[in-house]
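Peer 1:
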Amino acid sequence: MWAETFPFPVAIQEQGIHLTAKLYRRSSVRRKHFLGQVHLGYDSSSPEAVEQWKDTIALPEKVVAVWHRLSAS
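10 is the number that UniProt numbering gives to position 10 of the sequence shown; each next residue is one higher, with no gaps.
Next up, the structure:
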């Protein structure tokens with residue numbers, strides 16, 4: 001599990017943007033291994049991610065905390 005907060009400003013004019021967070025692990029030989037990603041935005045395939053994005057746009061001063069599963073793509 002990984003609990004981290006990422007504050008970032010989103011203006012009402014920027015509703016068409018999205019956020020993709022990718023998680024990597026470094027091995028002992030310094031190779032990066034892709035673990036998964038989370039895609040937030042109106043075009044997300046996860047209903048929970050779309051709802052979080054709607055809440056973020058509607059209430060920009062409110063901290064919206066949601067756990068997401070990592071996807072492979």
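In this text, a Cβ means the ideal position worked out from N, Cα and C, and glycines have one as well.
Based on the DSSP output, what are the partners of Val38 in its beta bridges?
Peer 2: DSSP output for Val38 lists Ala21 as bridge partner(s).
Peer 1: With respect to the alpha helix (DSSP H) encompassing Thr56, which residues constitute its N-terminal and C-terminal limits?
Peer 2: Unbroken alpha helix (DSSP H) run through Thr56: Pro47 to Ala58.
Peer 1: Report all residues from its chain with a CB closer than 8 Å to the CB of His18; omit the five preceding and five following residues, and keep chain order.
Peer 2: Around His18: His39, Leu40, Gly41, Tyr42, Asp43, Ser44 and Trp53.
Peer 1: Quick check: the Cα distance between Val64 and Leu35, rounded to an integer number of angstroms?
Peer 2: Distance between the alpha carbons of Val64 and Leu35 is about 24 Å.
Peer 1: Between His33 and the rest of its own chain, which residues show a CB-CB distance below 8 Å, the 5 nearest in sequence each way excluded?
Peer 2: Here the set comprises Tyr24, Arg25, Arg26 and Ser27.
Peer 1: Across which residues does DSSP place Lys32 in a beta bridge pair?
Peer 2: Lys32 is bridged to Arg26.
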